Amino acid sequence: MSTEGRVRAGSMSVGGLVPQLAGACGIVAAGSYLAQPLTARIAADLHLAPNLAGLIVTLSQIGYCLGLLFVSPLADRFENRRLLTIVLAASAASMLLAAFSPAGVWFLVAAAGIGVSSVAVQLIVAQAARLCDDASRGRVVGGVTSGLLWGILAAWPVANLLGDALGWRALFLLEAAAVLILVPWLRSVLPEWQPQTRMAYLEIAASLPWYWRRYGELRMRAAIQSLLFGVFSMTWTSLPVWLRDRYGFHATAIACFGLAGAAGALVVPLAGRLADRGRTSVTSIVAAAAVAASGLVMCFDPPWWMLLISVIGISGGVQASHVVSQRRVLALEPRAANRLNSLYVGGFFLGGAAGSALAMPLYRGHAAWVGIAGMLAGSLALVLAKSLRSS
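At position 117 of the sequence shown (counting the first as 1) the number is 121 in this note's numbering, and the numbers step up by one without a gap.
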């Protein structure tokens, strides 16, 4: 356990907290993805011009990047439980604004707020990593991160199903209620952690470029994960259209396919345990190879069940790589863990944004281009992972 701050014990052991923190991460992460499959419906209801509808997702992504740069590093300066409470309260407020938005401009403001406050998941992961020793850090980070992945992947089909049944406003109300329930619960079970640093906020923000230059492994792991997360985003962005156009799937079938594709999250705890046993490099290489192989399968217009296997391979490979990489990044310098994590996550999130932007242009050219791009990006990540092992 890090000694770079003062810890006051909470009411549970770290092992007992892992599944519950995973659930908390899943709830918060899901909130930032609820609008994605409902963009057209929300824009129509709020009379938002079609050319502005894409801003719903874009502003959420920009907000998340801003949160990583300007909110998450605050955890290296201020008491973490209090900071997490404030960020979750902001998340609930943003969800309520989205639910009651009278016009498109208010929903866009809410989308940006949801993005900024979704960095709460990174605060939870960093807090969990800080509370355990090196021997169990991979298992703990993997367990908590698996909840984050389940939340992201489940948000897509759940939003489709509940959006049809209850309406999109009710969906955001339910998410706000869930986040508000998390606030007092997390305050009761998480220990206090007060960083020892007395750096001013501007000094903390100014130190980000210095840490980026200092740690070559940070830059390399961010590059690897950027490539892999780009494949992940590209695949899941194009998947609904792919399933509808090429296999004739209707909305419910697409939602069920998405839930089945979330099975890739099952490998995340295993990846964490392998990292704890010193198998970080091997896990990174196998994960990148799984993504490249899955992309190759998608190049040949596979039957739907083979596409499902490929989607599971991509989801599992991307998240296994993320767990072992994040474990390494958080251990580079414990007193600056949140700043290092912000740089790492922000770096690979750019790859995800690029993958989302490329998905539909590539698919409209031919569905095989999505697979080809995935294979190439996965192969490059594999090369980088091998070079990192030999360095």
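For glycine and all other residues, C-beta sits at the position ideal for the given N, C-alpha and C. These figures come from a predicted structure and were not determined experimentally.
Within the 9 Å Cβ cut-off, does LEU177 reach chain B? No chain B is part of this structure, which consists of one protein chain only.
Taking just the CA atoms, how far does THR239 sit from CYS69? Reading the sequence shown from its first residue, position 65 is the one you call residue 69. Reading the sequence shown from its first residue, position 235 is the one you call residue 239. One C-alpha to the other measures close to 21 Å.
State buried or exposed for HIS326, treating a residue as buried only when at least 16 other CB atoms are found within 10 Å of its CB. Your numbering for residue 326 matches position 322 in the sequence shown. By the 16-neighbour rule on beta-carbons within 10 angstroms, HIS326 is buried.
Can you tell me the Cα-Cα spacing of LEU42 and ARG173, whole angstroms? What you label residue 42 is simply residue 38 of the sequence shown in a count that begins at 1. What you label residue 173 is simply residue 169 of the sequence shown in a count that begins at 1. The alpha-carbon atoms of LEU42 and ARG173 are separated by roughly 11 Å.
For ARG45 and PHE352, what's the separation of their Cα atoms in angstroms? As a first step, residue 45 must be located in the sequence shown, where it is residue number 41. As a first step, residue 352 must be located in the sequence shown, where it is residue number 348. ARG45 and PHE352: Cα-Cα distance of roughly 29 Å.
Look at the alpha carbon of GLY35 and the alpha carbon of ALA103, and state the distance between them as a whole number of angstroms. By one-based count along the sequence shown, residue 35 stands at place 31. By one-based count along the sequence shown, residue 103 stands at place 99. Those two C-alpha atoms are separated by around 12 Å.
LEU21 to LEU38 span [Cα, whole Å]: As a working mapping, residue 21 is identified with position 17 in the sequence shown. As a working mapping, residue 38 is identified with position 34 in the sequence shown. In a straight line, the C-alpha of LEU21 is about 26 Å away from that of LEU38.
Buried or exposed: which applies to LEU206, given that a residue is buried once 16 or more other Cβ atoms fall within 10 Å of its Cβ? Here residue 206 refers to the residue found at position 202 when the sequence shown is read from its first residue. LEU206 is exposed by the Cβ-count criterion.
Rank ARG223, VAL183, SER192 by C-alpha distance to the C-alpha of SER346 and give the top, closest one. Here residue 346 corresponds to residue number 342 of the sequence shown, with the count starting at 1. Answer by Cα proximity: ARG223.
Where does the unbroken alpha helix (DSSP H) through CYS260 begin, and where does it stop? Numbered from its first residue, the sequence shown carries residue 260 at position 256. Where CYS260 is concerned, the enclosing alpha helix (DSSP H) stretches over 255-265.
Please say whether GLY142 and ALA259 have beta carbons closer to each other than 9 Å? Reading the sequence shown from its first residue, position 255 is the one you call residue 259. Reading the sequence shown from its first residue, position 138 is the one you call residue 142. Between ALA259 and GLY142, the gap from beta carbon to beta carbon reaches 9 Å or more.
Backbone secondary structure at LEU50 - three-state DSSP: In the sequence shown, counting from the first residue as 1, residue 50 sits at position 46. In the displayed model, LEU50 falls within coil according to three-state DSSP, outside both helix and strand.
Please state the DSSP three-state secondary structure of GLU207. Your numbering for residue 207 matches position 203 in the sequence shown. DSSP places GLU207 in helix when its eight states are reduced to three.
Beta-carbon within less than 7 Å of GLN65's beta-carbon, same chain only, minus the 5 sequence neighbours each way: which residues are those? Taking the first residue of the sequence shown as position 1, residue 65 is located at position 61. Hits under 7 Å: GLY119, ALA357.
Determine the burial state of PRO54: buried for a count of at least 16 other Cβ atoms within 10 Å of its Cβ, exposed for fewer. Residue numbering aside, residue 54 sits at position 50 when the sequence shown is read from its first letter. In the assembly as shown, PRO54 is an exposed residue. Its beta-carbon has fewer than 16 other beta-carbons within 10 Å.
What did DSSP end up calling HIS326 once you bin it into helix, strand or coil? Taking the first residue of the sequence shown as position 1, residue 326 is located at position 322. HIS326 falls in the helix class under three-state DSSP.
Quick one: using the 10 Å Cβ neighbour count with 16 as the cut-off for buried, is VAL109 buried or exposed? Looking up residue 109 in the sequence shown gives position 105. It is exposed - the Cβ of VAL109 has fewer than 16 other Cβ atoms within 10 Å.
C-alpha distance - LEU328 paired with LEU384, whole-angstrom precision: For this step, residue 328 is matched to residue 324 along the sequence shown. For this step, residue 384 is matched to residue 380 along the sequence shown. Looking at the sequence itself, residue 328 is Val, so the reference to Leu does not match. Using only the alpha carbons, I get a separation of about 18 Å.
LEU170 burial status per 10 Å Cβ neighbour count (16 or more: buried): On the sequence shown, residue 170 is found 166 positions in, with the first residue counted as 1. Around the beta carbon of LEU170, fewer than 16 other beta carbons lie within 10 angstroms, which makes this residue exposed.
Does the segment 227-237 come within contact of the segment 130-139, defined as at least 3 CB pairs closer than 8 Å? Verdict: no, contact absent.
Distance CB(VAL148)-CB(SER76) smaller than 9 Å: Locating residue 148 in the sequence shown gives position 144, where the first residue counts as 1. Locating residue 76 in the sequence shown gives position 72, where the first residue counts as 1. VAL148 places its beta carbon 9 Å or farther from that of SER76.
Pull up the CB-CB distance for ASP138 and ALA266, whole angstroms please, since I reckon it's below 8 Å. Here residue 138 corresponds to residue number 134 of the sequence shown, with the count starting at 1. Here residue 266 corresponds to residue number 262 of the sequence shown, with the count starting at 1. Actually they are not in contact, since the Cβ atoms of ASP138 and ALA266 sit about 30 Å apart, beyond 8 Å.
Residues of its chain near GLY299, where Cβ-Cβ distance is below 6 Å and the 5 sequence neighbours each way are ignored: Position 295 of the sequence shown, counting from 1, holds the residue named residue 299. Cβ within range, chain order: GLY375, GLY378, MET379, GLY382.
Buried versus exposed call for TYR251 [16 or more other C-beta atoms within 10 Å across all chains shown]: On the sequence shown, position 247 is the one that residue 251 refers to. The residue in question, TYR251, is exposed, as its Cβ has fewer than 16 Cβ neighbours within 10 Å.
From this set, ARG283, ALA227, SER319, which residue's C-alpha is nearest THR241's C-alpha? Mapped onto the sequence shown, residue 241 falls at position 237. Checking every option, the nearest Cα to that of THR241 belongs to SER319.
CB of LYS390 within 9 Å of CB of ILE289, strictly: For the purposes of this step, residue 390 is identified with residue 386 of the sequence shown, where counting begins at 1. For the purposes of this step, residue 289 is identified with residue 285 of the sequence shown, where counting begins at 1. Going by beta carbons, LYS390 and ILE289 fall inside the 9 Å limit.
Kindly give me the distance between the Cβ atoms of ILE31 and GLY117, rounded to whole angstroms, as I take these residues to be in contact under 8 Å. The residue labelled residue 31 in the question sits at position 27 within the sequence shown. The residue labelled residue 117 in the question sits at position 113 within the sequence shown. Not a contact, Cβ separation roughly 17 Å.
Taking only runs that begin and end inside the segment 222-259, name each unbroken alpha helix (DSSP H) of 4 or more residues, in chain order. Within the segment 222-259, not a single complete alpha helix (DSSP H) segment reaches 4 residues in length.
Using DSSP with H/G/I as helix, E/B as strand and the rest coil, what is GLU179? Start at 1 with the first residue of the sequence shown, and residue 179 comes out as number 175. In the structure shown, GLU179 adopts helical secondary structure according to DSSP, grouped into three states.
Which residue from MET310, THR201, PRO273, LEU166 puts its Cα closest to that of ALA79? Counting from one through the sequence shown, the residue named residue 79 turns up at place 75. Nearest option by C-alpha distance: THR201.
Following the continuous alpha helix (DSSP H) through GLY71, name the residue where it begins and the one where it ends. Numbered from its first residue, the sequence shown carries residue 71 at position 67. It spans 59-74 - the alpha helix (DSSP H) in which GLY71 sits, taken as one unbroken run.
Contact under 9 Å by Cβ, ALA324 with ALA291: Position 320 of the sequence shown, counted from the first residue, corresponds to residue 324. Position 287 of the sequence shown, counted from the first residue, corresponds to residue 291. At the C-beta level, ALA324 and ALA291 come within 9 Å of one another.
So what does DSSP say about GLY282, is it helix, strand or coil? As a position in the sequence shown, residue 282 is number 278, starting the count at 1. In this structure, GLY282 counts as coil in the three-state DSSP scheme.
Would you please state the rounded distance, in angstroms, between the beta carbons of ALA227 and LEU388? I believe it to be under 8 Å. Here residue 227 is taken as the residue at index 223 of the sequence shown, counted from 1. Here residue 388 is taken as the residue at index 384 of the sequence shown, counted from 1. Yes, they are in contact, since the Cβ atoms of ALA227 and LEU388 sit about 6 Å apart, within 8 Å.
Return the first residue and the last residue of the alpha helix (DSSP H) that ARG339 is part of. For the purposes of this step, residue 339 is taken as residue 335 along the sequence shown, with counting starting at 1. Careful: ARG339 lies outside any alpha helix (DSSP H) and carries neither H nor E.
With VAL120 as the anchor, note down where its alpha helix (DSSP H) starts and where it stops. Looking up residue 120 in the sequence shown gives position 116. In the DSSP assignment, VAL120 falls within the alpha helix (DSSP H) that extends over 108-121.
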